[in-house]
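What follows is a short report on a single structure.
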Amino acid sequence: DAKGVFSCLLTSLCGLDGNGNAMVESMGIQKGSYVMGIVSDVGEVHVPVEAKDDKNSGDNDENNDEGRIALSGEEEYTILQYRLKSSGFVGLPVLNNEKGEEHNDSSATPNKTALDIWKNEMRGSAVAGFQLAMRYGPLCEEPVRGVMVILESVEIALQQRNSHHNHQSQQDNEDGGRTQREATYSSAKHLSGGMVVAALRSGIRCASLTRPARLMEGHLRLTLHSSLTGLGSLYTVLSKRRGKVLTDDMVEGTDLLLITATIPQAESFRLTPELLRQSSGEVTAPELIFDHWEVLEEDPFWIPTTLEEREDFGEILMNGDLSTGIENNALKYIRMVRGRKGLLVDSSRTVIAAEKQRTLKR
């Protein structure tokens, strides 16, 4: 029911910010069934790669040793994927492979060590990485709204260490001490907080781009007075700037109209000089106050692909998403913000060897 789903989400909630973003970890991570410790000699876990062509099989035969090393942890990865598909978000308790009972013993195992590392060392840094990813979004380094990040599973590379314990017993007094070797596990590489924060931030930002992204733009409420002769030019300027007229009421005792409209904040710059110039002074200076946020329903990565779209919106000028062939307001705003912040913009040209003197041909 809805109450049970809500209580489950509250239990698994890791981080929450003021813009409606949340990060939750699956119940399997809390129970330990979705946390895997992988004993690796190279300090890395298995990452699935796409199948390569048969043409490159000859080159791969020369690197068989490297390929075997890269596949360390493939079995644990397969087990995690099976548990995620069969149990979903809720997860199951950790079970012994032989008896099928819950695994509650105190012996050191890779999975138990990985769970301790996640809870004590990595979980706080993961929340910080989530907060940074939500504060600086992937499009133009602006805050993100209404995103929920789900951590499904955790894999940690471990290395095995043998510890020696000397146990003295009454039966072994004549033989002296008895040495027992017990396997312990630790992180294969030093996991600092900055590494976890950077990894979570990059992963969340890359995952955000796999879903449809839209811009949230602020709208201003515009209030002004206009005569009947300046009404036509006023509507022309507002429609060009994507403004919407809400009310146009007559002021009692005068021939003026009280106009109330909304206009995007990005289109409000240099609005007053244009209104006065187009209406020849028949419109008063507008009063602008913040009104609301609204989603800009334009895909910034849209590219005309079909024949009909190319006929209507034009051909792609360059490969990739450098030019959409249409006046895309969302893409225009992204380029403006990134250019103002000094970030990389795809439409800008990189100057090579700018200090060299060039002679232009006539």
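Going by this note's numbering, the residue at position 105 of the sequence shown is 154; the numbering climbs one at a time, nothing skipped.
Each residue gets a CB set at the ideal place from its N, CA and C atoms; glycine is no exception.
Nonlocal neighbours in the same chain, by C-beta distance under 6 angstroms from residue i, ignoring five residues either side
i	result
residue 181	250
residue 309	272, 295 and 296
residue 379	264, 345, 347 and 349
Span of the alpha helix (DSSP H), counted from its first residue to its last, around residue i
i	result
residue 238	Element bounds for residue 238: n/a, residue is neither H nor E.
residue 165	159-166
residue 296	Here residue 296 belongs to no alpha helix (DSSP H); instead the beta strand (DSSP E) covers 293-299.
residue 322	320-328
residue 281	280-289
residue 54	51-60
residue 171	Note, residue 171: premise wrong, no alpha helix (DSSP H); not H, not E.
Inter-residue Cα distance where the pair is residue i and residue j
i	j	result
residue 383	residue 245	28 angstroms
residue 166	residue 128	20 angstroms
residue 325	residue 279	10 angstroms
residue 255	residue 387	18 angstroms
residue 236	residue 210	10 angstroms
residue 259	residue 274	47 angstroms
residue 205	residue 315	46 angstroms
residue 131	residue 343	41 angstroms
residue 338	residue 286	19 angstroms
residue 55	residue 126	30 angstroms
residue 265	residue 349	12 angstroms
residue 176	residue 66	11 angstroms
residue 162	residue 392	41 angstroms
residue 52	residue 302	59 angstroms
residue 333	residue 327	12 angstroms
residue 361	residue 341	33 angstroms
residue 59	residue 194	19 angstroms
residue 190	residue 173	23 angstroms
residue 381	residue 394	11 angstroms
Best match in the options for proximity to residue i [C-alpha to C-alpha]
i	options	result
residue 289	312, 336 and 264	312
residue 133	160, 84, 174 and 175	84
residue 377	293, 347, 317 and 392	347
residue 242	59, 171, 88 and 293	171
residue 69	208, 391, 357 and 196	196
residue 282	265, 356, 80 and 322	322
residue 317	293, 52 and 158	293
residue 432	188, 257, 62 and 277	No statement about residue 432 is possible, as the shown extent of the chain runs from 50 to 411 and does not include it.
residue 385	277, 188, 240 and 80	188
residue 80	186, 90 and 202	202
Exposure of residue i, with buried meaning 16 or more beta-carbon neighbours within 10 Å
i	result
residue 64	buried
residue 169	exposed
residue 164	buried
residue 268	buried
residue 330	exposed
residue 159	buried
residue 200	buried
residue 77	buried
Proximity test, Cβ basis, 8 angstroms: residue i and chain B
i	result
residue 376	No chain B appears in the structure shown, which is made up of a single protein chain.
Delimiting residues of the beta strand (DSSP E) encompassing residue i
i	result
residue 386	That residue, residue 386, is in no beta strand (DSSP E); its alpha helix (DSSP H) goes 378-390.
residue 265	264-276
residue 78	Where residue 78 is concerned, there is no enclosing beta strand (DSSP E), although the alpha helix (DSSP H) it sits in stretches over 76-80.
residue 315	No beta strand (DSSP E) holds residue 315; DSSP gives it neither H nor E.
residue 339	336-345
residue 199	197-200
residue 67	Unbroken run through residue 67: none, as it is neither H nor E.
residue 412	Absent from the structure is residue 412, since the part of the chain shown begins at 50 and ends at 411.
Cut-off 7 angstroms between Cβ atoms - residues of its own chain near residue i, not counting five sequence neighbours on either side
i	result
residue 184	192
residue 179	64, 72, 198, 249 and 253
residue 93	206
residue 276	304, 305 and 331
Cutoff 8 angstroms; reference residue i; Cβ partners in own chain excluding five residues on either side
i	result
residue 247	178
residue 335	271, 272, 273, 320, 321 and 324
residue 300	274, 306 and 307
residue 115	Interpretation of residue 115 is limited by its pLDDT of 46, a score under 50 that renders its predicted location unreliable; the figure taken from the coordinates is listed afterwards. Here the set comprises nothing.
residue 284	294
Cβ-heavy atom distance, residue i to the ligand ADP, below 7 angstroms
i	result
residue 300	Looking at this structure, you won't find the ligand ADP or any other ligand, since it has none at all.
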